[in-house]
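FYI, our numbering numbers position 70 of the sequence shown as 112, with every residue one higher than the one before it.
From the three backbone atoms N, C-alpha and C, an ideal C-beta is built for every residue, glycine too.
Each remark here refers to the structure printed beneath this line.
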Amino acid sequence: ALGGRMLAGAGRWPVTTLIAAMFLSGNLAVAGERQASEFEMALMLTPNVENGARLYRSCVSCHGAEGWGNENGVYPQIAGQLASVTIKQLADIRAGNRDNPIMRAFSSSRALGSAQEIADVAAYIERLPMTRDNGKLATGDLAHGKKVYEENCVDCHGANGEGDAEKHIPLIQGQHYHYLVRQFNWIRNGRRRNADEEMVAQIQRFSARDITAVMAYTASLQPPEQKLAQSGWTNPDFPNHWRGWRPTAPAR
């Protein structure tokens with residue numbers, strides 16, 4: 043069908059198919075090397091937070107001026123996220139290691155032209171205070187969720203969901219319940235290809251009750267006071283942003 047000449051010893055694969063496969067694998071290898079290089083470089087750079095504020099303008103339409111996302115979990119809270127985690131996720135999306143068509147555009151080299159700009163916007167996001175009113179599950183079985191969390195999640199994400207900057211393990215305290223559930227399921231079924239392999243294997247045995255309970259418990263974990271915004275706080279870097287509208291389309 044491709045009209046390619048058969049390569050000796052290659053079975054039924056035409057030359058054009060083999061060349062395409064080699065070209066694709068080469069591109070993926072280059073992308074992977076670039077991702078690793080950008081990630082490691084961005085971690086070592088001294089961030090320019092003022093430039094990070096300028097770059098964050100592109101994030102406001104989905105994550106909001108405060109970085110709080112939506113209580114319904116359509117978009118996550120990114121305020122307060124560890125800079126190393128944001129750097130890792132941006133680098134993974136750029137390299138195609140995490141599928142996210144919307145974020146692919148906003149994390150492209152046109153939007154973030156260098157490792158320095160990745161470091162800048164990640165540092166700015168980490169400094170944003172978190173909302174006190176993240177989306178929770180009012181009917182969650184927090185006692186069972188706490189048990190599941192302590193048995194399975196503490197070693198990596200920390201006792202209070204504070205994450206680990208050195209190992210770029212996400213801060214998950216104060217995150218929206220529905221976003222946590224969606225990402226958990228995508229990690230479990232392999233849709234998030236950049237997930238930790240040990241976690242993927244570990245959570246396969248979770249029941250529906252376990253998932254609901256542990257995500258409800260995680261969403262209930264309160265960040266420390268110094269990471270929380272004061273009541274009524276709005277981001278002074280975006281004084282004219284209209285906060286009455288929030289997107290409701292499905293996000294990744």
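Query, Result
"Test item: CB-CB of residue 215 and residue 204 under 8 angstroms", "yes"
"Every unbroken beta strand (DSSP E) within the stretch 152-207, with a cutoff of 3 residues, ordered by chain", "none"
"Own chain, CB closer than 7 angstroms to residue 166, minus 5 neighbours either side, in chain order", "91, 94, 95 and 98"
"8 angstroms Cβ cutoff met for residue 182 and residue 114", "no"
"The stretch 185-193 in contact with the stretch 229-244 per 3-pair CB rule at 8 angstroms", "no"
"Residue 124 (DSSP reduced to helix, strand or coil)", "coil"
"For residue 270, the residue or residues it bridges with in DSSP", "172"
"Cβ contact (3+ pairs, closer than 8 angstroms) linking the stretch 155-175 and the stretch 221-233", "no"
"Within 8 angstroms, strictly: CB atoms of residue 267 and residue 173", "no"
"DSSP-derived helix/strand/coil call for residue 135", "helix"
"Within 8 angstroms, strictly: CB atoms of residue 310 and residue 126", "As displayed, the chain neither begins before 43 nor continues past 294, which places residue 310 out of reach and without an answer."
"Cβ-based neighbour list, residue 275, same chain, cut-off 7 angstroms, excluding 5 preceding and 5 following", "171"
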